[in-house]
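If you read the sequences in order, they're chains A and B. The numbers in the first sequence follow UniProt numbering, run straight up by one, and end at 692. The numbers in the second sequence follow UniProt numbering, run straight up by one, and end at 692. First comes the structure, then the notes that go with it.
2 protein chains.
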Amino acid sequence: MHTLHSLFFPGSVALIGASSDPERIGGRVLRFMLEGGYQGTIYPINKGEALVQGLKAYKNITDVPGTVDQAVIIIPAAGVETALREAVSKGIKSVQILTAGFAEIDEAGKQQQQKLVDICRENGVRMLGPNSLGLLNLSNKFSATFSTALNGLRPVKGHIALATQSGAFGSATYGMASLRGLGFSKIVATGNEADVDVAECIDYLAEDAETKVICAAVESCKDGNRLRLALLKAAKAGKPVLIMKAGRTEVGATAAATHTGSLAGNDTVYDTVFAECGAFRPQSIEEMLDIAYVCAVTGSLPANADVAILTGSGGIGILMADHASDHGLALPKLSAEGSAAVLEVLPFAVAANPLDTTAQVTAVKSGVTRTLDALLSHSSCATIFAYLAHVGLSPSRFQSTSDELIALKAKFPERAIIMVMLATKEVAAVLDSHGIPTFADPSRAVLAMAGAYQMARRRATLFSPPGARPSAKALGDVSTEAAAKKVLADAGLPMLPESVCKSAEAAATTATTFGFPVVAKISSPDIPHKTEVGGVMLNLQDADAVRLAYDELIRRARAAVPDAHIDGVLVTPMLKGGVETIMGIHMDPTFGPMVMFGSGGTAVELFKDVAFASAPVTEARARELIDSVKSSRLLRKWRGGPQYDEQALVKAICKLSEFGEAHADVLESIDVNPLVVRENGAVCLDAVITLR
Amino acid sequence: MHTLHSLFFPGSVALIGASSDPERIGGRVLRFMLEGGYQGTIYPINKGEALVQGLKAYKNITDVPGTVDQAVIIIPAAGVETALREAVSKGIKSVQILTAGFAEIDEAGKQQQQKLVDICRENGVRMLGPNSLGLLNLSNKFSATFSTALNGLRPVKGHIALATQSGAFGSATYGMASLRGLGFSKIVATGNEADVDVAECIDYLAEDAETKVICAAVESCKDGNRLRLALLKAAKAGKPVLIMKAGRTEVGATAAATHTGSLAGNDTVYDTVFAECGAFRPQSIEEMLDIAYVCAVTGSLPANADVAILTGSGGIGILMADHASDHGLALPKLSAEGSAAVLEVLPFAVAANPLDTTAQVTAVKSGVTRTLDALLSHSSCATIFAYLAHVGLSPSRFQSTSDELIALKAKFPERAIIMVMLATKEVAAVLDSHGIPTFADPSRAVLAMAGAYQMARRRATLFSPPGARPSAKALGDVSTEAAAKKVLADAGLPMLPESVCKSAEAAATTATTFGFPVVAKISSPDIPHKTEVGGVMLNLQDADAVRLAYDELIRRARAAVPDAHIDGVLVTPMLKGGVETIMGIHMDPTFGPMVMFGSGGTAVELFKDVAFASAPVTEARARELIDSVKSSRLLRKWRGGPQYDEQALVKAICKLSEFGEAHADVLESIDVNPLVVRENGAVCLDAVITLR
């Protein structure tokens, strides 16, 4: 039994603050619960009245005979602690605190909220809220909420669950969903999340038999790993999760190219984590509901990216093809057999994909459904769209087509058959109940299926969370480039030979050993940004040049940072050719170590052409990371050039990510810039490690 | 009187092919016309029946007493020519040919269609079609269409016009619009566009007093300049044009970076032209209708990009702010006075932008409208959004707020007040009629206003079409780099000194005159791609190097293209520094000469970081072009570097565009790659001119 079961399925509930006025908050909760037909026992708790909305009321929860499973507290904040203590003493298993005025207000409220948490924890009671809009469970008809959305819009039972932090966001979503007839299994608003958060609700809903699709919205996230694990659990349970997170555009635009952290922006990390854990992040409430609708109706995700489109309008077909192509779906060509089969039904059709039936299709008996059958029989497209204009507005004329479509779906149960047409609610409802969704807008139909497919695709490469972290050996000194490189070399990252020399002569000797040309760089823990002080000299061709460079670098460093501790001058071979890339570790405050990869110099900064992944990454994930960066084309026979050693790059990214994960407790960031990928191998030319 | 007036406002119409069967095509047209209540006279033409759907019928249009203004032809293709001749002999001013089976079928159909055009032209008759779904005019209730969409969805009179090429696309749009209650002024489907096309309809609608907003969809465009001029006319008449063009993603992805034409893709050119002419290109039918709705209801476009957001849900506010920021709208900070004014009404509010009223707003009399008043009084935001959850579903509770909103709108008639809430149709209709649009989905509300604002912004810099083109002097030889550069230099484009040398000695002498280092390139009309044959040698440091280079270049050219005509070797100074950009002219088959600008080397190819403009461009437009290319940041003190000479770049783009326009009749393309922008000046280092 999931630990949140008692919150959603109480056998009895005490409403502390129940009111006789059906419009006041405490009255609304009771009214909605009565209207909903809750199957358990309700005990109104009211100091003054013996009868509340027709139910016997009690002055105190302790007066209630027998046990009470759950308390719903809706009295002013000042009285909540006492009420909670009394409820706990009565033996409740869970509590909802709908009252506001705690951590969201001020420090005192925060402390008061913590007291409530402590009381619950000590007594093994689970708490929703405070400042929650409550929850609805359509299974036992339990509703505990004062949302006025219920005044006009009673929820319908269905298979979509909704878990949001913000009650208002939840009401908006629920309201829009209900107006279009979508049904829910459970709806929960977590409010201040003092105990139960959205992540734990997702974890619960992943197990809930009534829930097929999970819609969620987070404003913040206290425990990134808990959210990760909940999303992964839902994905593995085959349940699509559509999760919104507002605040996309806060990403700092002034990020410096070489600073991994500022390139990330917490929001990009949310994107990354959602995708790695199989979830989809819609851009709007309507998009979320569109995807939830197709997933709930079809009961599955498309098995491949291929779609076929049947349309009576060439223009609509092209419009849909545009969207499909934009959003990761593919339109395979119609095979010769498929074409022949179609032309047997519709000799006048444009037998392609999109397939244009032309208006003449209306003259052919069962023309649409027989053509769809031919397309499904002669392709492996997971999805087929049928654009039928406005036929669904004439239920009687559409009846036979509807029957045929239902038979077709029974013949091809694994395929998604998506209608795009104007239709009455009744016509659409019949198709819905047989697994066939209907959209009015062609674009929204395609985008919904594209979202569904993204989740299917992501399930193939879900993130594998690392096990318990063994205590890594201490990092040691990482204060200079040389020290940082040494540490990373020990971790398996590829480095050139290099040496920190203490004199001009030693530098010349070392350079001669390496072979010319060489690079010389100042080595000082007090000068992390060497280029800015002129601390790097490239392409030194002989021993004399190295001697001069040594003296010059020391001089420049002393001039720029007079009291810097100077270790000496780092000498290393000068590398020519290869493709410059950038990789790093960014410690995200919510999700921990994230690995970043970018390529192509200015492209990182100009086009934000970088990608992120949770550490550690597998080789497969590292390859995805490389693929998702546009500039990676530079590695692949660009303009007739060579194929560079991507496998070496993959290994370097993996090693860095493992290192980042192992030392997550002390790291702030790592920047390897550049990591040069060569035709044979790859090598880190510079590295900066920042500790917390 | 516009030349299309007779098509939309016939005083009498003959339906050639009118049928007694109200379900057949010829019967539907008559039925819909009768149901619509057409205010003119209808003459059914039917060979066999004396009475058709209650109207006296005639065997032939020539039998009709008196004059007939328009014929609508709905008989099989074979009889159309004869019917048209008879109608023309009767003195019709316009004709609609709804019959299909002409140019869209085969060459014979095309010829037959041309005959119809010729008949009309000879007699001054305007023709819609053939293969048109007809038109509806809500002013005189004239409808001539067989679209079954009218079976259930009678159009409502309003101020949105719809002009589409595809009848099916038009029906889809009209159907979706009618379901949401949008009203139309005129609806027209141009079909094969043998005479009247969408561009001319836009031109007509720009003058039409009943039309406030024009929705259009094109599949192809025969006359790009006609479309340009029509869009500009609408923009200047203050009428928003929302124009769709399917086929966005056909752009060839294999475009080579240096080939201007393939970088363009005709679709990008449509984007460019629509924007230059003040129109907006929606991505979906729903988006088009959303924007048309706000424009029709508010009657204007927002005067600036600034928006204020009032919300009872922090999360919804952030979501809307995300979309605003993504789509070119701005959220200015609330001023100190504004904040004070708001807090006077709602002491508990988060007085910022978005402004979170918190749920407590319900306890304050007129809290929402007084706060909106404060926000409007203390800011210059052209647009204010009010997110009010689901209040619009309770008409009686919402009545007072509705009244106050209407008063507020009267107080601030120039501002767009946009409601975001769930509402009944009646509640929304009342607000609509007072200029206040309502959206259910917060994201769609923001995107609609963003689209409206884009049109307002574009009106500030509309394209100025060139006047009649004076006959330009002949281009002369452009077969080699040297010849092409000479022609462009004469046109005012900046070039380095250069000389084609006929001997190694001459090359050495020339180089010495220029000063070292120099570049040497093979000069041959038969070797356009010099780099591919090793025909370019850089950084030659002295006379000896130039002599050796000369011989080597000649040897390489002879080896690669044995029978090439070789002019000699081009010698020019070697330039260091500056930013490499690329510019060109692409002759678009629809829209004529387009100027292209890009920057940053690989960015052009990897990120398609290029922009287009119709030639000729003004300096202001050239600056916009530069601004719209991300890599242009490289010109502007990038990473502490210099400010390069953008004014020289602007001038070069203008000169090239003027040259392209002047020689549009002979040019295929021009590629200037690279155009190096220096701290002082700019210079074309290579140029290829391709003639048609």
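Here a beta-carbon is modelled for each residue, glycine too, at the ideal position from N, C-alpha and C.
Min CB distance residue i to chain A below 8 Å
{"i": "T618 of chain B", "result": "no"}
{"i": "P525 of chain B", "result": "no"}
{"i": "D322 of chain B", "result": "yes"}
{"i": "F271 of chain B", "result": "For the sequence presented, residue 271 of chain B should be read as Asp rather than Phe. Not closer than 8 Å to any Cβ of chain A, the Cβ of D271 of chain B fails to qualify, so no."}
{"i": "G451 of chain B", "result": "no"}
{"i": "residue 704 of chain B", "result": "Nothing about residue 704 of chain B can be reported from this structure: the residues present for chain B run from 1 to 692 only."}
{"i": "L685 of chain B", "result": "no"}
{"i": "F398 of chain B", "result": "no"}
{"i": "P479 of chain B", "result": "The sequence as given places Ser at residue 479 of chain B; Pro does not occur at that position. It does not: the Cβ of S479 of chain B has no partner Cβ on chain A nearer than 8 Å."}
{"i": "K630 of chain B", "result": "yes"}
{"i": "H327 of chain B", "result": "no"}
Pick from the options that is closest to residue i, judged by C-alpha positions
{"i": "K409 of chain A", "options": "A:V391, A:F385, A:Y293", "result": "A:F385"}
{"i": "V561 of chain B", "options": "B:K502, B:M587, B:S524", "result": "B:S524"}
{"i": "R370 of chain A", "options": "A:R85, A:L691, A:C381, A:L346", "result": "A:L346"}
{"i": "E505 of chain A", "options": "A:I309, A:V569, A:L538", "result": "A:V569"}
{"i": "D203 of chain A", "options": "A:A508, A:L4, A:A87, A:L179", "result": "A:L4"}
{"i": "V72 of chain A", "options": "A:Y58, A:S94, A:N140, A:K90", "result": "A:S94"}
{"i": "C221 of chain A", "options": "A:A209, A:D195, A:P240", "result": "A:D195"}
{"i": "E49 of chain B", "options": "B:T67, B:V125, B:S19, B:V68", "result": "B:S19"}
{"i": "R281 of chain A", "options": "B:L319, B:R281, B:T509", "result": "B:L319"}
{"i": "I160 of chain A", "options": "A:E276, A:N46, A:D290", "result": "A:D290"}
{"i": "I436 of chain A", "options": "A:Y293, A:A543, A:R397, A:A324", "result": "A:Y293"}
Nearest-angstrom beta carbon gap, residue j and residue i [assumed within contact, 8 Å]
{"i": "T424 of chain B", "j": "P395 of chain B", "result": "6 Å"}
{"i": "T572 of chain A", "j": "V519 of chain A", "result": "5 Å"}
Three-state secondary structure assigned by DSSP to residue i
{"i": "I75 of chain B", "result": "coil"}
{"i": "K521 of chain B", "result": "strand"}
{"i": "D356 of chain B", "result": "strand"}
{"i": "A491 of chain B", "result": "coil"}
{"i": "D609 of chain A", "result": "coil"}
{"i": "L691 of chain A", "result": "strand"}
{"i": "M583 of chain A", "result": "strand"}
{"i": "E498 of chain A", "result": "coil"}
{"i": "R180 of chain A", "result": "coil"}
{"i": "V368 of chain B", "result": "helix"}
{"i": "P10 of chain A", "result": "coil"}
Residue i burial status per 10 Å Cβ neighbour count (16 or more: buried)
{"i": "Q70 of chain B", "result": "buried"}
{"i": "L51 of chain A", "result": "exposed"}
{"i": "S335 of chain B", "result": "exposed"}
{"i": "K411 of chain A", "result": "exposed"}
{"i": "V156 of chain B", "result": "exposed"}
{"i": "P593 of chain B", "result": "buried"}
{"i": "P497 of chain A", "result": "exposed"}
{"i": "A253 of chain B", "result": "At A253 of chain B the pLDDT is 25, less than 50, meaning the model places this residue with poor confidence; the figure from the coordinates comes in the next sentence. So A253 of chain B ends up on the exposed side."}
Interface flag, residue i vs chain B, CB-CB below 8 Å
{"i": "E23 of chain A", "result": "no"}
{"i": "R556 of chain A", "result": "no"}
{"i": "Q283 of chain A", "result": "yes"}
{"i": "V251 of chain A", "result": "Residue placement at V251 of chain A is poorly supported in this model, since its pLDDT is 28, which falls under 50; the coordinates still yield a value, given next. No, no contact with chain B."}
{"i": "I318 of chain A", "result": "yes"}
{"i": "D441 of chain A", "result": "yes"}
Selection of the segment 100-121 of chain B by Cβ proximity to chain E, strictly under 9 Å = No chain E appears in the structure shown, which is made up of the protein chains A and B.
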